[in-house]
Each structure stands twice: as C-alpha cells, then as structure tokens.
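> When the count follows our numbering, it moves up by one through the sequence shown with no breaks and lands on 171 for the last residue. Please see the structure below; I have some questions.
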Amino acid sequence: MMTSHNDVRLVGIARRLDRLRWVPSALLAHAVLRDGMCMSGSSEDEPGWANEPMTDRELAARMCAGCPVQDECLELDLRVAGKDTAGVWGALPEDDRRALYPHWHQRGKRAEGGAAQ
Numbered sequence: 055m056m057t058s059h060n061d062v063r064l065v066g067i068a069r070r071l072d073r074l075r076w077v078p079s080a081l082l083a084h085a086v087l088r089d090g091m092c093m094s095g096s097s098e099d100e101p102g103w104a105n106e107p108m109t110d111r112e113l114a115a116r117m118c119a120g121c122p123v124q125d126e127c128l129e130l131d132l133r134v135a136g137k138d139t140a141g142v143w144g145a146l147p148e149d150d151r152r153a154l155y156p157h158w159h160q161r162g163k164r165a166e167g168g169a170a171q
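Quick look at the structure:
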C-alpha cells in the first residue's frame with residue numbers, strides 16, 4: 055500500500071501533538087485565548103489581506119503565521135470538535151484537520167474529555 059505525502063505529513067503532525075496529550079483542555083484553552091494571534095487585537099485591526107480571495111489553506115497559513123500556540127490550538131480543536139471541526143484552527147483548514155483526525159485519534163487517549171477517549 056502506497057502512502058501519500060499528505061498522509062506522512064499528517065502522521066508527523068499527530069506525532070508532534072503527542073507532547074500535549076496530557077495537558078488539561080482548560081490549560082490549552084487558556085494558552086490559546088491568552089497567546090493566540092487571532093485572539094489579540096480588534097476587528098478594527100483587520101489585516102490588509104483580509105479581503106483578498108484565497109483558498110482555506112492560504113487563509114489558515116496567513117491567519118496563523120508566527121502564532122506561538124498553533125499546536126495548542128490544534129490539539130484543543132481536535133479534542134473539542136473532533137471530526138466536526140470548522141473554521142481555521144492551528145494553522146490548518148477544515149479539510150486538513152478532518153484528514154488529521156484519524157491519525158491523531160489512533161495515537162491514544164488524551165487528557166480529560168478528549169475526543170480520542
């Protein structure tokens with residue numbers, strides 16, 4: 055069976071998130087709310103590129119570029135939303151997170167209430 059480049063990439067992301075597996079969800083949420091670049095500023099601070107046409111992948115890359123809590127954000131979304139994810143979380147668009155979910159899920163249990171339990 056041939057493995058796609060995207061599957062290899064997703065397995066790598068799932069493996070990277072293992073370091074957060076036992077961090078309580080409340081702490082992840084606190085970190086994302088406190089340090090997430092998308093959480094800072096106001097709607098008046100809309101970036102110049104906000105009205106440019108772009109794919110979901112391009113939007114995710116632009117919105118999350120340089121954010122210090124991308125992994126925490128992604129881990130939190132996978133726990134809370136699971137396969138029903140929507141929007142941009144952790145620098146990944148919905149389609150990528152839906153494809154990531156089974157790889158993440160098979161890596162085992164997470165802290166309280168995680169979708170992988």
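Beta carbons: idealized from backbone N, C-alpha and C, even for Gly.
(1) Just the C-alpha distance for residue 115 and residue 81, rounded to the nearest angstrom, thanks.
(2) Please determine, among 135, 160, 120, 138, the residue with the shortest C-alpha to C-alpha distance to residue 89.
(3) Is the separation between the beta-carbon of residue 147 and that of residue 110 shorter than 7 Å?
(4) Using only the alpha-carbon positions, how far apart do residue 161 and residue 68 sit?
(5) Is residue 125 near the ligand GTP - that is, is its Cβ less than 6 Å away from at least one heavy atom of it?
(6) Shortest alpha-carbon distance to residue 94 belongs to which of 112, 118, 105, 79?
(7) For residue 45, which residues in the same chain have their Cβ closer than 6 Å to its Cβ, ignoring the five residues on either side in sequence?
(8) According to DSSP, residue 146 sits in a beta bridge with which residue or residues?
(9) Would residue 118 count as contacting chain B if we go by Cβ distances under 7 Å?
Walking through what the data contain:
(1) 24 Å
(2) 120
(3) yes
(4) 8 Å
(5) The ligand content of the structure shown is nil, which means the ligand GTP is not present either.
(6) 118
(7) Residue numbering for the chain in the displayed model covers 55 to 171; residue 45 lies beyond these limits and cannot be assessed.
(8) 143
(9) Among the chains of the structure shown, chain B does not appear; only one protein chain is present.
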